[in-house]
Amino acid sequence: MGKAELCSDSARLRPLAGCSIDDTPNITTGVVELGISQNEQQSISDLVGQYKALPGALLPLLHAIQKQIGHVPDAAVPIIANGLNLSRAEVHGVISFYHDFKTTPVGRHTVQICRAEACQSMGSRALEAHAKQTLGIDYGETTTDGSVTLEPVYCLGNCACSPSVRINDDVFARVDAQRFDELVSGLSAEEGVAK
Amino acid sequence: MIFYIPQDTTALALGSEAVARALQTAGIEPVRNGSRGLFWLEPLLEVTTDQGRIAFGPVAAKDIPSIIDALASDPASHVLYQGEVAEIPYLKSQQRLTYARAGLGDPVCLDNYKSLNGFKGLKKALQMTAQQIVDQVKDSGLRGRGGAAFPAGIKWQTVHDAGKDGCQKYIVCNADEGDSGTFADRLVMEADPYQLIEGMIIAGLAVGADQGYIYLRSEYPLAHKLLNIAIDRAVQANFLGENIQGCGKTFHLEVRLGAGAYICGEETSLLESLEGKRGMVRAKPPLPAIEGLFGMPTVVNNVLTLAAISTILAEGAATYQNFGMGRSRGTLAIQLAGNIKCGGLIELAFGVTLREVVEDYGQGTYSGRPIRAIQVGGPLGAFLPESQWDTPMDYEAFAAIKAMIGHGGIVVFDDTADMAAQARFAMEFCVVESCGKCTPCRIGSVRGVEVIDRIVANENRDNNLILLHELCDTMEFGSLCAMGGMTPYPVRSALAHFPQDFLLQEAAGASLQDTAGASLQDTAGAASQETAAQGEN
Ligand SMILES: Cc1cc2nc3c(=O)[nH]c(=O)nc-3n(C[C@H](O)[C@H](O)[C@H](O)COP(=O)(O)O)c2cc1C
Ligand code: SF4
Ligand code: FES
Numbered sequence: 001m002g003k004a005e006l007c008s009d010s011a012r013l014r015p016l017a018g019c020s021i022d023d024t025p026n027i028t029t030g031v032v033e034l035g036i037s038q039n040e041q042q043s044i045s046d047l048v049g050q051y052k053a054l055p056g057a058l059l060p061l062l063h064a065i066q067k068q069i070g071h072v073p074d075a076a077v078p079i080i081a082n083g084l085n086l087s088r089a090e091v092h093g094v095i096s097f098y099h100d101f102k103t104t105p106v107g108r109h110t111v112q113i114c115r116a117e118a119c120q121s122m123g124s125r126a127l128e129a130h131a132k133q134t135l136g137i138d139y140g141e142t143t144t145d146g147s148v149t150l151e152p153v154y155c156l157g158n159c160a161c162s163p164s165v166r167i168n169d170d171v172f173a174r175v176d177a178q179r180f181d182e183l184v185s186g187l188s189a190e191e192g193v194a195k
Numbered sequence: 001m002i003f004y005i006p007q008d009t010t011a012l013a014l015g016s017e018a019v020a021r022a023l024q025t026a027g028i029e030p031v032r033n034g035s036r037g038l039f040w041l042e043p044l045l046e047v048t049t050d051q052g053r054i055a056f057g058p059v060a061a062k063d064i065p066s067i068i069d070a071l072a073s074d075p076a077s078h079v080l081y082q083g084e085v086a087e088i089p090y091l092k093s094q095q096r097l098t099y100a101r102a103g104l105g106d107p108v109c110l111d112n113y114k115s116l117n118g119f120k121g122l123k124k125a126l127q128m129t130a131q132q133i134v135d136q137v138k139d140s141g142l143r144g145r146g147g148a149a150f151p152a153g154i155k156w157q158t159v160h161d162a163g164k165d166g167c168q169k170y171i172v173c174n175a176d177e178g179d180s181g182t183f184a185d186r187l188v189m190e191a192d193p194y195q196l197i198e199g200m201i202i203a204g205l206a207v208g209a210d211q212g213y214i215y216l217r218s219e220y221p222l223a224h225k226l227l228n229i230a231i232d233r234a235v236q237a238n239f240l241g242e243n244i245q246g247c248g249k250t251f252h253l254e255v256r257l258g259a260g261a262y263i264c265g266e267e268t269s270l271l272e273s274l275e276g277k278r279g280m281v282r283a284k285p286p287l288p289a290i291e292g293l294f295g296m297p298t299v300v301n302n303v304l305t306l307a308a309i310s311t312i313l314a315e316g317a318a319t320y321q322n323f324g325m326g327r328s329r330g331t332l333a334i335q336l337a338g339n340i341k342c343g344g345l346i347e348l349a350f351g352v353t354l355r356e357v358v359e360d361y362g363q364g365t366y367s368g369r370p371i372r373a374i375q376v377g378g379p380l381g382a383f384l385p386e387s388q389w390d391t392p393m394d395y396e397a398f399a400a401i402k403a404m405i406g407h408g409g410i411v412v413f414d415d416t417a418d419m420a421a422q423a424r425f426a427m428e429f430c431v432v433e434s435c436g437k438c439t440p441c442r443i444g445s446v447r448g449v450e451v452i453d454r455i456v457a458n459e460n461r462d463n464n465l466i467l468l469h470e471l472c473d474t475m476e477f478g479s480l481c482a483m484g485g486m487t488p489y490p491v492r493s494a495l496a497h498f499p500q501d502f503l504l505q506e507a508a509g510a511s512l513q514d515t516a517g518a519s520l521q522d523t524a525g526a527a528s529q530e531t532a533a534q535g536e537n
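The listed protein sequences correspond, in order, to chains Y and G.
Under the UniProt record's numbering, the letters of the first sequence match residues 1 to 195, in that order.
Under the UniProt record's numbering, the letters of the second sequence match residues 1 to 537, in that order.
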């Protein structure tokens, strides 16, 4: 829900997913810069170099960073801003606008449940409740073993055979509670490969 | 015998990969075709035999041995036997122009595309002047399929005429397909991507643009993969790039991924996003046709609009415009979804009624219970009660009942649906997806959720109902785009037609129905705000 802060009222009520006050990166103390490894910093710089000549480079660049590192760390913002000749505020503004971009690490697998109307008509509300309960997490959170991050999604284009669930890049049709459990138990059992 | 097993998202979601593996285990290498969109039959296994191209479905991996046995003796004896594919009534009764090729073969195989009339339209376009191409599109009567239904030819003419000679222009394909209940764009991209590519090249020739972008939503990873393969192959075969087929013209094409934002389907927000910014809606004018991507004249068209272009050029404007009724010409990609027994893609000339689609094709609900409400046109579309199901699917006829066809998506709800919950969801969706530029939409939707909660909790109901109607008016008339402007449609229609779900007594319900119905009449007349806005185009 990266864009939530636009709706000022609801945003203030919404907890920041997956991070407590203590581990929130603190820009003034420079913790951010230390928040990522030398390697990660290097690969972000490399990607910036690779993309900066592309017209409208920011979205493809953010996707590339997220693919490589798993999220877009706050420490990437100044590197991107510098490389693309944008202000940090602009870069931050873009990252926070789009639901896809994560600023903190996510689980080894992303599980998205479709919340849109066609899936609702086939029981996705009950499925959502079941998923949250069995995984013991809410949307935007990651299971304690780090295997699964749960996300809402609004339509996967599989609406003729809903409810739909996406796990990483695979979509599953007609998912009920039992099928959900089968799909997810496979994920936590397996030794995770980084996305 | 050639075996086909689809690899589109829905077929895969229903297990077609396991079926393909089972075939391989049996020593058969299947062709991975695209789906025909008969999703209720997926995974649909097709086999070319002496009896023609026959089908089995829905097939699971465990059925493969028995199907192979049946093929050796009597295919029709198998319980999953569906007969000749082309004769399946659901498919046979359709009028397929855009989806004529879908499912026939490997979607990214260029030779397959060429053997099925592919690039016929482009070849003709290469013999024509830019103005002649634009005229063909005008004559076809094609209106944008993305929702606003603005005439494509007029938009193209504007871009054709805009800017100085040789100025940079762009073709942008809107492949954001964010509406619930829609998958027609996805099916084109996954089952017949070259058709879209061909349409975009023709658009480039028509308006003098040498660069195209497909803005694709990130929720479609398979379409992303297939489009990129198709573009690579088209470049290698010189259908894209410099000096296309030796004609001296250039067209480059690139896919750009969105990042999960419904509003980026709105064309100006999409352009901002393509430029690398937040997807904030721009005020119109200036129209994108005049000042679009990077400030340059830009055609923004939906996937289906651009896909139809190849057919129009190949078969002629007159052929295309012979389909349809009134001012809605050609065919409509109807997407049947939600609680429906036989969901899928149905391409028909405009004019079929909603009831025919839902009863004849859909065969009623998946749950077997009665249908209660139908939402057409995505999350901003009204909920239609049974009294409105005989409306023909035509832009004007839908506007007349204060509904919209939009992108042609139909979502069916059975009698267990709670319409107050659906009204609340419409507001909630707007909270999550508003671009945040204007207050009625950004704040109004948050308040809308709260007010509906209070109504359902029977807190000061009468006043809250008045408040909700006023809020809907404010959103409708005070919003910059249809996101805030049309969110009231599903809300008002739920209130008007399903008052009992808001715990309104029968009597109170009847009187409310009157007032709500009346206010719906007054305000929804501007059925598609966007149509009006685009009318300036
Ligand atoms: C909130 C909102 C969402 C939209 N989403 C889409 C979409 O997902 N796909 C699309 O083609 N058009 C969408 N549109 C319509 C576009 O703004 C635009 O009219 C369309 O892309 C023009 O192409 P066409 O003339 O070929 O229909 C949306 C409009 C609004 C207001
Ligand atoms: S109506 Fe909503 S989505 Fe549209 S411009 Fe205003 S705030 Fe943005
Ligand atoms: S509504 Fe869930 S996949 Fe489309």
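Beta carbons are placed, not taken as given, at the ideal position from N, Cα and C, and that holds for glycine.
Look at G:SER218: its C-beta is under 8 Å from a C-beta on chain Y. Given a length threshold of 4 residues, each whole run of the alpha helix (DSSP H) inside the segment 92–124 of chain G is given here in chain order: 110–115.
For G:PHE294, the neighbours in chain Y by C-beta distance under 9 Å run, in chain order, PRO55, GLY56. Spatial neighbours of G:MET419 in its own chain (CB-CB distance under 6 Å, excluding positions within 5 residues in sequence) are listed in chain order as ALA494, PHE498, ASP501.
Residues of the segment 91–105 of chain Y that bring their beta carbon within less than 8 Å of a beta carbon in chain G comprise GLY93, VAL94, PHE97, TYR98, HIS99, ASP100, PHE101, in sequence order. Here G:THR416 is exposed: its Cβ has fewer than 16 other Cβ atoms, across all protein chains shown, within 10 Å. Think of a sphere of 9 Å around the beta carbon of Y:PRO73: no beta carbon from chain G falls inside it, the nearest being about 17 Å out. At a cut-off of 8 Å between beta-carbon atoms, G:ASN339 makes contact with chain Y.
Of all residues in the segment 265–279 of chain G, only SER273, LEU274, GLU275, GLY276, LYS277, ARG278, GLY279 come within less than 8 Å of chain Y when Cβ atoms are compared, listed by chain position. Between G:TYR213 and G:ARG256, the CB-CB gap stays under 8 Å. Looking at the DSSP output, G:ARG256 sits in a beta bridge with G:TYR215. Between G:GLY144 and G:PHE150, the gap from beta carbon to beta carbon is short of 8 Å.
When secondary structure is reduced to three states using DSSP, G:PRO392 falls in the strand class.
For G:ASP161, the number of other beta carbons within 10 angstroms of its own is below 16, and it is reported as exposed. Non-local beta-carbon contacts of G:CYS167 in its own chain, meaning distances under 8 Å to residues more than five positions away in sequence, involve MET296, PRO297 in chain order.
With fewer than 16 other Cβ atoms from the protein chains shown falling within 10 Å of its own Cβ, G:MET1 counts as exposed. If you draw a straight line from the Cα of G:ASP232 to the Cα of G:ALA259, it comes to about 23 Å. Between the C-alpha atoms of Y:ALA75 and Y:TYR139 there is a straight-line separation of about 25 Å. G:GLU272 sits in a helix when the DSSP states are folded into three classes. By the rule that beta-carbons nearer than 8 Å mark a contact, Y:TYR154 touches chain G. G:GLY178 has its CB nearer than 7 Å to a heavy atom of ligand 1. Residues of the segment 349–360 of chain G with a Cβ closer than 8 Å to any Cβ of chain Y: none. One Cα belongs to G:GLU275, the other to Y:SER45, and the distance between them is close to 21 Å. Remark: the C-beta of Y:ALA118 is in contact range of ligand 3, defined as less than 7 Å to any heavy atom. Neighbourhood of G:GLU177 in chain Y, by CB distance below 7 Å: GLY157, in chain order. Cα atoms of G:ALA130 and G:ILE67: separation of roughly 53 Å, rounded to the nearest angstrom. DSSP places G:GLY34 outside both helix and strand once states are collapsed to three, so it counts as coil.
Along the segment 161–195 of chain Y, going in chain order, the ones with a CB nearer than 8 Å to a CB of chain G are CYS161, SER162, SER164, ARG166, ASP169, ASP170, VAL171, PHE172, ALA173, ARG174. Taking C-beta separations shorter than 7 Å and ignoring five residues to either side along the sequence, the partners of G:GLY381 in its chain run GLN375, ALA403, MET404, GLY406, TYR489, PRO490, following chain order. Ligand 3 never approaches G:GLY408 closely enough for any of its heavy atoms to be under 7 Å from the residue's Cβ. DSSP places G:PHE3 within a strand segment (E or B) once states are collapsed to three.
Straight through space, the alpha carbons of Y:LEU127 and Y:CYS161 are spaced by roughly 15 Å.
Its chain contains VAL235 as the residues whose beta carbon lies nearer than 6 Å to that of G:GLY241, once the 5 sequence neighbours on both sides are disregarded; these appear in chain order.
In this structure the segment 134–150 of chain Y touches the segment 100–117 of chain Y; the number of beta carbon pairs closer than 8 Å is three or more.
Rounded to whole angstroms, G:THR250 and G:ILE244 show a C-alpha spacing of 6 Å. As the crow flies, the alpha-carbon of G:GLY153 is around 11 Å from that of G:ASN301.
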